[in-house]
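To start, the structure itself, in C-alpha coordinates.
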Amino acid sequence: MRPLPKMLVDAGVAFARIYNRLEIRNCGALPGGPVLFVANHGFGGIVDLNLLAVAAAYDELGDDRDVVTLTHAMAWKLGIGRVIEEFDARPAGHDTAMKAIGDGKHVLVFPGGDIDAMKPWSDRNKVLFSGRSGFAQLALEAGVPIVPIVTAGAGESLYVLSNGKRLAELIGAKKLLRLHSLPVSVSVPWGLSVGLAGLLPYLPLPTKLVTTILPTMVPHEGETAEEFAERVHAVMQDEMTALTSGRRPVVG
1 MRPLPKMLVD AGVAFARIYN RLEIRNCGAL PGGPVLFVAN HGFGGIVDLN
51 LLAVAAAYDE LGDDRDVVTL THAMAWKLGI GRVIEEFDAR PAGHDTAMKA
101 IGDGKHVLVF PGGDIDAMKP WSDRNKVLFS GRSGFAQLAL EAGVPIVPIV
151 TAGAGESLYV LSNGKRLAEL IGAKKLLRLH SLPVSVSVPW GLSVGLAGLL
201 PYLPLPTKLV TTILPTMVPH EGETAEEFAE RVHAVMQDEM TALTSGRRPV
251 VG
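FYI, in the UniProt record's numbering the residues of the sequence shown are 1 to 252.
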(Lines of atoms letter the chains of each structure in order from A; the text may use other names.)
(Lines give C-alpha, C1' and ligand atoms only; values in the text may rest on other atoms or scores of the structure.)
Protein backbone atom coordinates (compact mmCIF):
# COMPACT_ATOMS: atom_id res chain seq x y z
CA MET A 1 0.00 0.00 0.00
CA ARG A 2 1.31 3.46 -0.87
CA PRO A 3 2.19 5.95 1.90
CA LEU A 4 -0.86 8.24 1.56
CA PRO A 5 -3.48 5.44 1.51
CA LYS A 6 -1.72 3.81 4.46
CA MET A 7 -1.86 7.08 6.38
CA LEU A 8 -5.60 7.34 5.67
CA VAL A 9 -6.21 3.75 6.79
CA ASP A 10 -4.17 4.34 9.95
CA ALA A 11 -6.23 7.47 10.65
CA GLY A 12 -9.46 5.51 10.15
CA VAL A 13 -8.26 2.76 12.47
CA ALA A 14 -7.32 5.33 15.12
CA PHE A 15 -10.79 6.85 14.75
CA ALA A 16 -12.47 3.47 15.27
CA ARG A 17 -10.29 2.66 18.27
CA ILE A 18 -11.32 5.87 20.02
CA TYR A 19 -14.77 6.82 18.69
CA ASN A 20 -16.08 3.26 18.53
CA ARG A 21 -14.09 1.98 21.53
CA LEU A 22 -12.83 -0.86 19.33
CA GLU A 23 -11.91 -3.98 21.27
CA ILE A 24 -9.93 -6.75 19.57
CA ARG A 25 -9.74 -10.34 20.75
CA ASN A 26 -7.11 -12.58 19.18
CA CYS A 27 -7.55 -16.34 19.44
CA GLY A 28 -4.32 -17.41 17.79
CA ALA A 29 -1.30 -16.59 15.64
CA LEU A 30 -1.20 -16.71 11.84
CA PRO A 31 0.45 -19.63 10.04
CA GLY A 32 3.57 -18.92 8.01
CA GLY A 33 2.12 -18.65 4.50
CA PRO A 34 -0.74 -16.71 2.91
CA VAL A 35 -4.20 -17.07 4.41
CA LEU A 36 -7.74 -16.28 3.35
CA PHE A 37 -9.32 -13.89 5.85
CA VAL A 38 -13.11 -14.32 5.88
CA ALA A 39 -15.03 -11.48 7.52
CA ASN A 40 -18.59 -10.30 8.03
CA HIS A 41 -19.99 -6.94 7.04
CA GLY A 42 -21.48 -4.31 9.31
CA PHE A 43 -23.13 -1.84 6.98
CA GLY A 44 -21.38 -1.80 3.64
CA GLY A 45 -21.86 1.67 2.26
CA ILE A 46 -18.88 3.91 1.60
CA VAL A 47 -18.49 3.93 5.38
CA ASP A 48 -17.92 0.33 6.52
CA LEU A 49 -16.65 0.15 10.07
CA ASN A 50 -15.90 -3.55 9.69
CA LEU A 51 -13.14 -2.75 7.21
CA LEU A 52 -11.49 -0.51 9.79
CA ALA A 53 -11.98 -3.18 12.47
CA VAL A 54 -10.33 -5.81 10.28
CA ALA A 55 -7.43 -3.45 9.52
CA ALA A 56 -6.95 -2.86 13.24
CA ALA A 57 -7.13 -6.60 13.94
CA TYR A 58 -4.48 -7.27 11.31
CA ASP A 59 -2.22 -4.68 12.95
CA GLU A 60 -2.63 -6.59 16.22
CA LEU A 61 -1.32 -9.72 14.52
CA GLY A 62 1.96 -7.98 13.72
CA ASP A 63 2.16 -9.46 10.21
CA ASP A 64 3.62 -7.22 7.49
CA ARG A 65 2.42 -9.20 4.46
CA ASP A 66 0.20 -7.29 2.00
CA VAL A 67 -3.54 -8.00 2.13
CA VAL A 68 -5.63 -7.84 -1.05
CA THR A 69 -9.28 -7.05 -0.33
CA LEU A 70 -11.80 -8.57 -2.75
CA THR A 71 -14.41 -5.87 -3.34
CA HIS A 72 -17.87 -5.73 -4.92
CA ALA A 73 -17.82 -4.81 -8.62
CA MET A 74 -20.21 -1.92 -7.87
CA ALA A 75 -17.22 0.26 -6.93
CA TRP A 76 -15.85 0.03 -10.46
CA LYS A 77 -19.28 0.47 -12.05
CA LEU A 78 -19.67 3.70 -10.05
CA GLY A 79 -16.24 4.92 -11.13
CA ILE A 80 -14.42 4.76 -7.79
CA GLY A 81 -12.60 1.51 -8.43
CA ARG A 82 -9.35 3.19 -9.39
CA VAL A 83 -9.42 5.13 -6.12
CA ILE A 84 -9.89 2.14 -3.83
CA GLU A 85 -7.29 0.15 -5.75
CA GLU A 86 -4.78 2.42 -4.00
CA PHE A 87 -5.94 0.72 -0.80
CA ASP A 88 -5.20 -2.77 -2.24
CA ALA A 89 -8.85 -3.40 -3.14
CA ARG A 90 -9.47 -5.52 -6.24
CA PRO A 91 -12.64 -6.66 -8.03
CA ALA A 92 -13.87 -9.83 -6.36
CA GLY A 93 -13.06 -12.87 -8.46
CA HIS A 94 -11.38 -16.26 -8.40
CA ASP A 95 -8.50 -15.30 -10.70
CA THR A 96 -7.77 -12.11 -8.75
CA ALA A 97 -7.58 -14.04 -5.50
CA MET A 98 -5.43 -16.83 -6.93
CA LYS A 99 -2.95 -14.32 -8.33
CA ALA A 100 -2.67 -12.52 -4.99
CA ILE A 101 -2.08 -15.79 -3.14
CA GLY A 102 0.42 -16.87 -5.79
CA ASP A 103 2.28 -13.62 -5.15
CA GLY A 104 2.49 -14.52 -1.45
CA LYS A 105 -0.19 -12.07 -0.27
CA HIS A 106 -3.07 -12.61 2.10
CA VAL A 107 -6.60 -12.20 0.73
CA LEU A 108 -9.58 -10.71 2.56
CA VAL A 109 -13.11 -11.58 1.47
CA PHE A 110 -16.60 -10.68 2.72
CA PRO A 111 -18.64 -13.62 1.35
CA GLY A 112 -22.02 -12.10 2.20
CA GLY A 113 -21.47 -9.21 -0.20
CA ASP A 114 -24.28 -6.67 -0.36
CA ILE A 115 -26.73 -9.13 1.23
CA ASP A 116 -24.68 -9.10 4.45
CA ALA A 117 -23.64 -5.47 4.09
CA MET A 118 -27.14 -4.02 3.71
CA LYS A 119 -29.12 -6.16 6.09
CA PRO A 120 -31.85 -4.53 8.19
CA TRP A 121 -31.53 -3.61 11.86
CA SER A 122 -33.42 -6.77 12.85
CA ASP A 123 -30.61 -8.86 11.30
CA ARG A 124 -27.69 -6.79 12.61
CA ASN A 125 -26.43 -9.66 14.77
CA LYS A 126 -26.51 -12.21 11.96
CA VAL A 127 -23.74 -13.26 9.59
CA LEU A 128 -25.50 -13.62 6.24
CA PHE A 129 -23.60 -15.58 3.59
CA SER A 130 -26.77 -16.81 1.82
CA GLY A 131 -25.25 -20.21 1.20
CA ARG A 132 -22.27 -18.87 -0.74
CA SER A 133 -19.31 -21.22 -0.77
CA GLY A 134 -16.96 -19.72 -3.35
CA PHE A 135 -14.57 -18.58 -0.63
CA ALA A 136 -14.21 -22.15 0.63
CA GLN A 137 -13.64 -23.43 -2.90
CA LEU A 138 -10.91 -20.81 -3.29
CA ALA A 139 -9.22 -21.95 -0.07
CA LEU A 140 -9.34 -25.57 -1.21
CA GLU A 141 -7.93 -24.82 -4.66
CA ALA A 142 -5.22 -22.48 -3.39
CA GLY A 143 -4.29 -24.75 -0.49
CA VAL A 144 -4.53 -21.94 2.07
CA PRO A 145 -6.19 -21.95 5.49
CA ILE A 146 -9.10 -19.70 6.43
CA VAL A 147 -8.87 -17.23 9.30
CA PRO A 148 -12.37 -16.00 10.24
CA ILE A 149 -12.76 -12.48 11.64
CA VAL A 150 -16.03 -11.48 13.28
CA THR A 151 -17.00 -7.92 14.19
CA ALA A 152 -20.05 -7.03 16.26
CA GLY A 153 -21.64 -3.61 16.59
CA ALA A 154 -21.16 -1.98 13.19
CA GLY A 155 -24.75 -2.69 12.17
CA GLU A 156 -25.77 -0.20 14.87
CA SER A 157 -23.91 2.72 13.27
CA LEU A 158 -27.19 3.73 11.59
CA TYR A 159 -30.74 2.40 11.40
CA VAL A 160 -31.53 0.23 8.37
CA LEU A 161 -35.29 -0.19 8.06
CA SER A 162 -35.21 -2.54 5.07
CA ASN A 163 -32.68 -4.17 2.78
CA GLY A 164 -34.70 -2.93 -0.19
CA LYS A 165 -34.58 -6.28 -1.96
CA ARG A 166 -37.87 -5.70 -3.80
CA LEU A 167 -36.75 -2.24 -4.88
CA ALA A 168 -33.53 -3.71 -6.26
CA GLU A 169 -35.55 -6.25 -8.22
CA LEU A 170 -37.95 -3.62 -9.58
CA ILE A 171 -35.29 -1.32 -10.99
CA GLY A 172 -32.98 -4.07 -12.21
CA ALA A 173 -30.11 -3.28 -9.82
CA LYS A 174 -28.90 -6.87 -9.91
CA LYS A 175 -28.32 -6.68 -13.66
CA LEU A 176 -26.93 -3.14 -13.69
CA LEU A 177 -24.82 -3.13 -10.53
CA ARG A 178 -24.90 -6.74 -9.29
CA LEU A 179 -26.80 -5.52 -6.23
CA HIS A 180 -29.43 -7.65 -4.52
CA SER A 181 -30.24 -4.86 -2.05
CA LEU A 182 -30.99 -1.13 -2.07
CA PRO A 183 -31.43 -0.30 1.61
CA VAL A 184 -33.83 2.12 3.24
CA SER A 185 -31.95 3.69 6.12
CA VAL A 186 -31.84 6.55 8.61
CA SER A 187 -28.44 8.10 9.26
CA VAL A 188 -26.68 11.30 10.32
CA PRO A 189 -26.81 13.79 8.61
CA TRP A 190 -28.95 12.48 5.74
CA GLY A 191 -32.01 11.33 7.66
CA LEU A 192 -34.16 8.95 5.61
CA SER A 193 -32.31 7.61 2.56
CA VAL A 194 -33.39 5.14 -0.09
CA GLY A 195 -31.26 3.03 -2.42
CA LEU A 196 -27.85 4.28 -3.46
CA ALA A 197 -28.41 7.52 -1.52
CA GLY A 198 -28.10 5.40 1.61
CA LEU A 199 -24.56 4.44 0.63
CA LEU A 200 -23.26 8.01 0.85
CA PRO A 201 -20.71 8.82 3.57
CA TYR A 202 -22.53 9.29 6.86
CA LEU A 203 -21.52 10.02 10.44
CA PRO A 204 -21.70 6.65 12.21
CA LEU A 205 -23.17 6.52 15.67
CA PRO A 206 -20.54 5.88 18.37
CA THR A 207 -21.41 2.19 18.53
CA LYS A 208 -18.95 -0.02 20.38
CA LEU A 209 -17.12 -2.46 18.11
CA VAL A 210 -15.78 -5.81 19.23
CA THR A 211 -13.69 -7.88 16.81
CA THR A 212 -12.52 -11.46 17.27
CA ILE A 213 -9.79 -13.11 15.21
CA LEU A 214 -10.83 -16.76 15.36
CA PRO A 215 -8.48 -19.75 15.16
CA THR A 216 -7.24 -20.85 11.76
CA MET A 217 -9.51 -23.34 9.99
CA VAL A 218 -8.54 -26.01 7.44
CA PRO A 219 -10.81 -28.43 5.59
CA HIS A 220 -11.45 -31.88 6.99
CA GLU A 221 -10.40 -34.84 4.88
CA GLY A 222 -12.95 -35.35 2.11
CA GLU A 223 -14.89 -32.21 3.05
CA THR A 224 -16.54 -30.43 0.13
CA ALA A 225 -16.39 -26.67 -0.41
CA GLU A 226 -20.05 -26.38 0.58
CA GLU A 227 -19.47 -28.31 3.82
CA PHE A 228 -16.35 -26.30 4.65
CA ALA A 229 -18.21 -23.04 3.96
CA GLU A 230 -21.08 -24.09 6.22
CA ARG A 231 -18.65 -24.94 9.01
CA VAL A 232 -16.86 -21.59 8.72
CA HIS A 233 -20.18 -19.76 8.69
CA ALA A 234 -21.41 -21.67 11.75
CA VAL A 235 -18.26 -20.80 13.71
CA MET A 236 -18.60 -17.14 12.77
CA GLN A 237 -22.30 -17.00 13.67
CA ASP A 238 -21.60 -18.68 17.01
CA GLU A 239 -19.01 -16.01 17.77
CA MET A 240 -21.36 -13.21 16.69
CA THR A 241 -24.07 -14.63 18.94
CA ALA A 242 -21.65 -14.79 21.87
CA LEU A 243 -20.43 -11.24 21.26
CA THR A 244 -23.96 -9.81 21.11
CA SER A 245 -25.53 -11.77 23.95
CA GLY A 246 -26.81 -9.18 26.40
CA ARG A 247 -25.51 -6.35 24.24
CA ARG A 248 -27.18 -2.93 24.44
CA PRO A 249 -27.43 -1.21 21.05
CA VAL A 250 -24.66 1.35 20.44
CA VAL A 251 -23.56 1.21 24.09
CA GLY A 252 -22.22 -2.34 23.75
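Even for Gly, the Cβ is constructed at its ideal location relative to N, Cα and C.
Residues near residue i in its chain [Cβ-Cβ closer than 6 Å; skip 5 each side]
i    : result
T244 : N125 and A152
Reduced DSSP secondary structure (H/G/I, E/B, other) of residue i
i    : result
W91  : Sequence inspection shows Pro at residue 91; the Trp mentioned does not correspond to that position. Strand at P91.
A29  : coil
Y159 : strand
T216 : coil
F37  : strand
E169 : helix
G104 : coil
G191 : strand
V67  : strand
E23  : strand
T96  : helix
S245 : coil
Cβ-based burial, residue i [other Cβ within 10 Å; buried from 16]
i    : result
E141 : exposed
G42  : buried
V38  : buried
E221 : exposed
V251 : exposed
E239 : buried
P204 : buried
A234 : exposed
I18  : exposed
S130 : exposed
Own chain partners of residue i with C-beta closer than 7 Å, once the 5 adjacent residues on each side are dropped
i    : result
D88  : M1, D66, V67, V68 and T69
S157 : G42, F43, L49, P204, L205 and T207
CB contact flag (residue i, residue j, <7 Å)
i    : j    : result
W121 : Y159 : yes
I149 : V54  : yes
M217 : I146 : yes
H94  : P34  : no
L61  : A154 : no
Of the listed residues the options, nearest to residue i (C-alpha basis)
i    : options                   : result
N163 : V144, S193, F135 and L138 : S193
G12  : L170, E227, L52 and R21   : L52
V210 : N20, Y58 and D64          : N20
T71  : K175, G104, G113 and D59  : G113
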